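Novice: Here it is: the structure, laid out below.
In our numbering, the protein residues as written are 113 to 176.
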């Protein structure tokens, strides 16, 4: 199982999850991180959003 990290630009804290889909809120300040880039939680390498995931986000939010 992969672990993902997103960085909140409001409180400057990391947020971790094992899911690539769905809403992602910062657990510290509640900022919506859903459209922020994913990073590998271990190596901190940026992970490209897959076309399938982009379609799911678009269907859910109406934004490309």
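From the three backbone atoms N, C-alpha and C, an ideal C-beta is built for every residue, glycine too. The structure displayed is predicted, hence computed values, not measured ones.
Hey, quick one: how far does the beta strand (DSSP E) through residue 148 stretch, first residue to last?
Specialist: To locate residue 148, count along the chain shown from 1; it is residue 36. First-last for residue 148: undefined, no H or E at that position.
Novice: Would you decide whether residue 137 is buried or exposed? Buried here means 16 or more other CB atoms lie within 10 Å of its CB.
Specialist: In the chain shown, the residue the question calls residue 137 occupies position 25. Result: exposed.
Novice: Is it right to say residue 141 is buried, meaning 16 or more other beta carbons lie within 10 angstroms of its own, or is it exposed?
Specialist: By 1-based counting over the chain shown, the position of residue 141 is 29. When all chains shown are included, residue 141 counts as exposed.
Novice: Just confirm the distance between the C-beta atoms of residue 128 and residue 113, as a whole number of angstroms; I'd bet it's less than 8 Å.
Specialist: Mapped onto the chain shown, residue 128 falls at position 16. Mapped onto the chain shown, residue 113 falls at position 1. Contact flag wrong, Cβ pair sits at about 12 Å.
Novice: At what residues does the beta strand (DSSP E) containing residue 127 begin and finish?
Specialist: Taking the chain shown and counting its residues from 1, the one referred to as residue 127 is at position 15. Taken as a continuous stretch (DSSP letters only), the beta strand (DSSP E) holding residue 127 covers 126 to 129.
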